[in-house]
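J.:
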Amino acid sequence: MTRENTLQFPAGFLWGTATSPTQVEGHVENEWTHFTAQDGGNCHIACDHYHRYPEDIGWMSKLGTNAYRFGIEWSRLQSAPFAALNQNELARYVDLLDRLKLAGITPMVVLHHFSNPPWINAMGGWTNAATIPAFVDYVSQLVPALKDRVYLWNTFNEPDTYACLTYLLGGFPPQRKWKLGLFRKVIDHMAHAHVQASRIIAREGNAGREPEVGIAKNWTFFHAYKTYSPWDRTTAFACHYTFNKFVLDAFLGGGRRRASTFIGLNYYGRVRFHHFRAMTPASGTPVKRLKDFGFVCDDMVERYSAGMVKILSYLHRRFRLPIFITEHGAASENETFRERDLREYLAALHGAMAGGVDVRGFFYWSLLDNFEWQFGYAKKFGLLAVDFADEKLPRTMKPLAEVYSQICRANSIRAEASVRLE
Ligand code: BGC
Numbered sequence: 022m023t024r025e026n027t028l029q030f031p032a033g034f035l036w037g038t039a040t041s042p043t044q045v046e047g048h049v050e051n052e053w054t055h056f057t058a059q060d061g062g063n064c065h066i067a068c069d070h071y072h073r074y075p076e077d078i079g080w081m082s083k084l085g086t087n088a089y090r091f092g093i094e095w096s097r098l099q100s101a102p103f104a105a106l107n108q109n110e111l112a113r114y115v116d117l118l119d120r121l122k123l124a125g126i127t128p129m130v131v132l133h134h135f136s137n138p139p140w141i142n143a144m145g146g147w148t149n150a151a152t153i154p155a156f157v158d159y160v161s162q163l164v165p166a167l168k169d170r171v172y173l174w175n176t177f178n179e180p181d182t183y184a185c186l187t188y189l190l191g192g193f194p195p196q197r198k199w200k201l202g203l204f205r206k207v208i209d210h211m212a213h214a215h216v217q218a219s220r221i222i223a224r225e226g227n228a229g230r231e232p233e234v235g236i237a238k239n240w241t242f243f244h245a246y247k248t249y250s251p252w253d254r255t256t257a258f259a260c261h262y263t264f265n266k267f268v269l270d271a272f273l274g275g276g277r278r279r280a281s282t283f284i285g286l287n288y289y290g291r292v293r294f295h296h297f298r299a300m301t302p303a304s305g306t307p308v309k310r311l312k313d314f315g316f317v318c319d320d321m322v323e324r325y326s327a328g329m330v331k332i333l334s335y336l337h338r339r340f341r342l343p344i345f346i347t348e349h350g351a352a353s354e355n356e357t358f359r360e361r362d363l364r365e366y367l368a369a370l371h372g373a374m375a376g377g378v379d380v381r382g383f384f385y386w387s388l389l390d391n392f393e394w395q396f397g398y399a400k401k402f403g404l405l406a407v408d409f410a411d412e413k414l415p416r417t418m419k420p421l422a423e424v425y426s427q428i429c430r431a432n433s434i435r436a437e438a439s440v441r442l443e
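Below is the structure:
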């Protein structure tokens, strides 16, 4: 896989971008509709991808990507439990899929990305076991309708992040805090729903090829800043146990592994603890201050490209399933930093693949600057900038978009990109 001066990726490798409905589409009626983010922003219009997806597919082609991971918004398609799907909204997603096909872009469809229909939220969301059959009913109608156009299905995006921010940290609606029992219930119910949805997807098949199904697991490394501090080590271990081990076991442990044909990995970096505090910009410590501690961070978490090799090797050894990097990205106004970050993570990814890990694709988070949940529009993850001050929401390529485009077209990166080790 290595030619002189280049790290070559295998033929057929998917190079994509990723988005989610609430963050880019606009015009959604879910728990985020009346939510005001820390910067005063809301998701009412977002990037208006709902209307502008043809233009955005044009941008994907311009980037030279051959894959797109996006969500289908459940609340658009079902207005009541077990109701028939809304045919107009379905037709819009079908049109999106048809346009992707024309552009030679392989879709990966996400069924749940941090949002539910209002009637699901009214019954307690995923804390209520009755949400499982409701979701399964939705999937049993959606999959036959789309199966000829989709073979890559991602049931749940980051169940760990979702359950944590809804019921432990209170960042996402319904903004409850420290409800560990509810956190565990949400994970358990989603894991059941994943197994049942996977059966439907396997049964329905796909016209062209075997369908693939998996969750996207966010993986964060949790470490103590001072390794001799028992308190910080205990905090880091408790986070690892709750968000990584417990969640992975719930979805993929024992016989449940058979439900998935791949693992989606969302990998951004790590969180280190110092005096019980998470040392990250996302939890309030400025990037500049973290620099004094020797941390390299984007506007969210500490960068830790060496972790890419560690987590990929671990998942490969334990589950022996193909892996997609369903998300990686960096939020920063500094494009030079973002370029270095991308090259380092991709070099680490390439290293893991050279060591035998079967990775099939990489999706950059995100195609567009968008509504970053509780943070609003302040975090700039996009390859394309969106001018939110202009009601036409014009998109422009950032320097990183040019870099990513070259990588996607060449299916390789320059070999000098080095992996930063601890
Ligand atoms: C989520 C995205 C989010 C991104 C950056 C992931 O946790 O799936 O919705 O925007 O990370 O924070």
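The opening position of the sequence shown corresponds to residue 22 in our numbering, with each subsequent residue numbered one higher. Glycine is no exception: its CB is placed at the ideal position from the N, C-alpha and C atoms.
Is it true that the CB of residue 351 sits closer than 9 Å to the CB of residue 313?
T.: no
J.: Does the beta-carbon of residue 11, which I'm using as the reference point, lie nearer than 8 Å to any heavy atom of the ligand BGC?
T.: Nothing in the structure corresponds to residue 11, since the chain is present only between 22 and 443.
J.: Considering only heavy atoms of the ligand BGC, does any lie closer than 8 Å to the CB of residue 178?
T.: yes
J.: Relative to the ligand BGC, is the shortest distance from any of its heavy atoms to the C-beta of residue 267 smaller than 8 Å?
T.: With a cut-off of 8 Å, the C-beta of residue 267 is classified as distant from the ligand BGC, since no heavy atom of the ligand falls inside that distance.
J.: Let me check you understand the geometry: is the CB of residue 285 closer than 8 Å to at least one non-hydrogen atom of the ligand BGC?
T.: no
J.: Report the rounded CA-to-CA distance for residue 442 versus residue 330, giving the unit in angstroms.
T.: For residue 442, the pLDDT reaches just 37, beneath the cut-off of 50, and the residue's location in the model is therefore unreliable, leaving the point undetermined.
J.: Return helix, strand or coil for residue 360, following the three-state DSSP convention.
T.: helix
J.: Is the distance from the Cβ of residue 434 to the Cβ of residue 368 below 9 Å?
T.: For residue 434 and residue 368, yes; Cβs fall inside 9 Å.
J.: Buried or exposed for residue 265, going by 16 or more other Cβ atoms inside 10 Å?
T.: buried
J.: Just reading off the beta strand (DSSP E) that residue 243 is part of, what are its end residues?
T.: Looking at the DSSP string, the run of the beta strand (DSSP E) that includes residue 243 is 233–245.
J.: Under 8 Å: does the beta carbon of residue 473 sit that close to some heavy atom of the ligand BGC?
T.: The first residue shown for the chain is 22 and the last is 443, placing residue 473 beyond what the model contains.
J.: Does any heavy atom of the ligand BGC sit closer than 8 Å to the C-beta of residue 348?
T.: At least one heavy atom of the ligand BGC lies closer than 8 Å to the C-beta of residue 348.
J.: What residue from 183, 111 and 415 has the CA that sits closest to residue 100's CA?
T.: In terms of Cα proximity to residue 100, the closest of 183, 111 and 415 is 111.
J.: Would you kindly check if the distance between the Cβ of residue 233 and the Cβ of residue 325 is under 9 Å?
T.: no
J.: Does the Cβ of residue 300 lie closer than 8 Å to at least one heavy atom of the ligand BGC?
T.: no
J.: Measuring from the CB of residue 233, is there a heavy atom of the ligand BGC at a distance below 8 Å?
T.: Answer for residue 233: no, Cβ out of range of the ligand BGC.
J.: According to DSSP, simplified to helix, strand and coil, what is residue 53?
T.: coil
J.: Does the ligand BGC have a heavy atom nearer than 8 Å to the CB of residue 44?
T.: Taking non-hydrogen atoms of the ligand BGC into account, the C-beta of residue 44 is found less than 8 Å away from one of them.
J.: Taking the continuous beta strand (DSSP E) assigned at residue 329, which residues delimit it?
T.: Element bounds for residue 329: not the beta strand (DSSP E) but the alpha helix (DSSP H), 327–340.
J.: Just to check my reading of the structure: residue 259 and residue 293 have Cβ atoms closer than 8 Å, yes? What is that Cβ distance to the nearest angstrom?
T.: Rounded, the Cβ-Cβ distance is 14 Å, inconsistent with contact.
J.: Once you ignore the five residues that flank residue 50 on each side, which residues in its own chain have a CB closer than 7 Å to its CB?
T.: If you ignore the 5 residues before and after residue 50, its C-beta comes within less than 7 Å of the C-beta of 96 and 139, all in its own chain and listed in chain order.
J.: Give the single residue among 109, 104, 57 and 179 whose Cα lies nearest to the Cα of residue 132.
T.: 179
J.: Where residue 127 and residue 37 are concerned, what is the direct C-alpha to C-alpha distance, given to the nearest angstrom?
T.: 9 Å
J.: What beta strand (DSSP E) runs, 3 residues minimum, are completely inside the segment 53–134?
T.: 88–92 and 127–133
J.: Among 240, 322, 257 and 194, whose alpha-carbon lies nearest the alpha-carbon of residue 285?
T.: 240
J.: Skipping 5 residues on each side, what residues in its chain have a beta carbon closer than 8 Å to that of residue 61?
T.: 397, listed in sequence order.
J.: With distances taken Cα to Cα, identify the nearest neighbour of residue 163 among 387, 192, 231 and 93.
T.: 93
J.: Please confirm whether residue 100 has its beta-carbon closer than 9 Å to some beta-carbon of chain C.
T.: Here chain C cannot be found, since the structure has a single protein chain.
J.: Whole alpha helix (DSSP H) runs in the segment 356–432 with 4 or more residues, listed along the chain?
T.: 356–375 and 420–431
J.: Quick one: Cα of residue 406 to Cα of residue 30, how far?
T.: 28 Å
J.: Quick test of the definition: if touching needs 3 or more C-beta pairs under 8 Å, does the segment 182–193 touch the segment 110–125?
T.: no
J.: Using a Cβ-based criterion (distance less than 8 Å to any ligand heavy atom), does residue 134 qualify as near the ligand BGC?
T.: The ligand BGC approaches residue 134 closely enough that one of its heavy atoms is under 8 Å from the residue's Cβ.
J.: For a test of the three-state rule: what should DSSP assign to residue 294, helix, strand or coil?
T.: strand
J.: What separation, rounded to the nearest whole angstrom, lies between the Cα atoms of residue 85 and residue 68?
T.: Each residue's Cα considered, the two are about 21 Å apart.
J.: If you draw a straight line from the C-alpha of residue 297 to the C-alpha of residue 256, how long is it?
T.: Using only the alpha carbons, I get a separation of about 7 Å.
J.: For the alpha helix (DSSP H) holding residue 44, just list the boundary residues, first then last.
T.: In the DSSP assignment, residue 44 falls within the unbroken alpha helix (DSSP H) covering 42–45.
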